[in-house]
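In the working numbering, the protein residues as written are 12 to 206.
Glycine residues also receive a C-beta, built at the ideal position from the N, C-alpha and C atoms.
See structure below.
This is how it looks when you write it as structure tokens:
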């Protein structure tokens, strides 16, 4: 069992390392996506995210709403970013109403990088999809900024995302134990990846 976990961890680490640094470039976007599939975020990945966001001069906004403990997770990300040399990092634990307020968008005026936490991607899209804040995040990306995320924060990057909910098997204790046709629920994601 120990060797299986270790092998799985190594395979996952390799996949995430190669995914994290792959750049998806479309002619209309000058920014970078840092997509971390899940599991442990290494300092190397987060340092690259910071570097692409402007290094020590970066201003990074964290969106922890996918987490079951968003304030704790948000504060942890801020501490991590500052520990890696970022002077300005903050988190916004907001709902859709707040995400449509001009005062919330104004807090993002100088943001050069955005990071979505892990957890439940449906919670992130419920809070941000089709809001003024999400429009601002797309502007940041198109103008050369970074948008990153781990686990649920990675799942929201595509135009159509997998929610993680099964349509046929409602027993969450055995989630995706068997892959079945027409069992995967999809919903609209944030659309950074359209193909």
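With a minimum length of 4 residues, the unbroken runs of alpha helix (DSSP H) contained wholly in the segment 90 to 173 fall at 107 to 110, 113 to 117, 132 to 139, 143 to 153 and 163 to 166. For residue 59, the enclosing alpha helix (DSSP H) has its first and last residue at 54 to 64. Around residue 57, the same chain offers 91, 92 and 95 as residues with beta carbons nearer than 8 Å, after the five sequence neighbours per side are excluded.
Contact annotation: the segment 119 to 132 touches the segment 154 to 171, with at least three C-beta pairs closer than 8 Å.
Taking residue 197 as reference, the option from 72, 124, 73 and 169 with the minimal CA-CA separation is 169.
Each residue's CA atom was taken as its position, placing residue 76 and residue 65 some 25 Å apart. Secondary structure at residue 67: helix, using DSSP grouped into helix, strand and coil. Residue state for residue 72 is assigned as strand, using DSSP reduced to three classes. For residue 199, the enclosing beta strand (DSSP E) starts and ends at 195 to 199. A contact between stretches requires three or more CB pairs, one per stretch, nearer than 8 Å, and the segment 40 to 50 fails this requirement with the segment 96 to 109.
As the crow flies, the alpha-carbon of residue 80 is around 23 Å from that of residue 142. Selection 52, 63, 135 and 55 evaluated against residue 199 yields 135 as nearest (Cα-Cα). When DSSP reads this structure, residue 84 sits in no beta bridge, so it has no partner. Annotation for residue 46: the continuous beta strand (DSSP E) segment containing it runs 43 to 47. Scanning 102, 72, 70 and 206 for the CA closest to the CA of residue 85 turns up 102. In this structure, the alpha-carbon of residue 201 lies about 14 Å from that of residue 110. From the listed residues 60, 204, 49 and 71, the smallest Cα separation to residue 121 is found for 71.
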